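Working notes, structure below.
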Amino acid sequence: MTTGRWAQKKHPGRIWQASTVEDTEIGQDYRDAVLPDSRWEKRRFVRCDFTEADLRGLVTRGCTFDECDFTRTDIGESTHNASAFRSCVFRRTVLAEVSWTGCSLLGSSFVDCRLRSIKVRDTDFTLVSLGGADLRRVDLSGLRFREANLVEANLTGARLRDADLHGARLLGADLSGADLRGAKLDAHALVQAKLAGARVDVDTAIAFAAAHGLIIS
């Protein structure tokens, strides 16, 4: 946790201010900041640049990040509770053992991120872009993926029980062996995905069969 007013930079020569007195920071430059084990509560960050910052072990509670850039940021082993990351960019971000509980990731995008060790509960992925993401065997039960981009995502063996996938784009997504029981799905979108060995409930199976033009009698 940062104790002083100023935080260390990876590259010397530029003084960086860790935080301001106000609860909201707009356009703040956090590039290369070294702030491991920081604890932020009820803070708001708008269009802030966290590129290549070291935020390992960060703990947030009730924070909001709007349109922030987390390119190559290390937020491994961080914990987020009731926080929002809206329209943020995660590009090659280190996300090892990250935990999101009761959070919103509305409209954010994940590009070239390793996501298999994330832990997520009661979190909203509405409109999130996860195209091509590797989510094999990740527990995503009960999460909201409304209108999310899951094109070409690898979800083999993933747990999606009771997840809300209405409007999600599933073209080329691999759901082989995934648990889809109780999930809210668009049958026509499922037609575009790979489903070998996926587990579904009776209602989903009937809707899927109908979408394929089968007559059930």
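Its first residue numbered 1, the sequence shown is counted upward by one per residue in the UniProt record's numbering.
Virtual Cβ for every residue (Gly too), placed ideally from N, Cα, C.
Since this is a predicted model, take the numbers as computed values, not measurements.
Asked	Found
Between the Cα of L115 and those of I26, S99, F208, L106, spot the shortest distance and give me the residue it belongs to.	S99
To the nearest angstrom, how far is the alpha carbon of C48 from that of E67?	7 Å
What are the residues that DSSP puts in a beta bridge with H80?	T60, W100
I need the straight-line Cα distance from R121 to S141, nearest angstrom please.	8 Å
On a Cα-Cα basis, can you pick out the residue from A211, R136, H166 that is closest to K119?	R136
Is A163 closer than 8 Å to F145 when the C-beta atoms are compared?	yes
Which of the three DSSP states, helix, strand or coil, is assigned to V202?	helix
When the Cα of A133 is compared with those of S108, T126, C113, V191, which residue comes out closest?	C113
I'd like to know whether the C-beta atoms of E52 and T73 end up nearer to each other than 8 Å.	yes
Mark A209 as exposed unless 16 or more other C-beta atoms lie within 10 angstroms of its C-beta, in which case mark it buried.	exposed
Could you check the C-alpha separation between V200 and S38 for me, to the nearest Å?	42 Å
Counting only the same chain and skipping the five closest in sequence on each side, list residues whose C-beta sits under 7 Å from that of D23.	K42, R43, R44
With 16 as the cutoff for other CB atoms within 10 Å, does Q192 come out buried or exposed?	exposed
Would you mind sorting S117 into buried or exposed? The rule is 16 or more other CB atoms within 10 Å of its CB.	exposed
Which class does F85 belong to by DSSP, given the choice of helix, strand or coil?	strand
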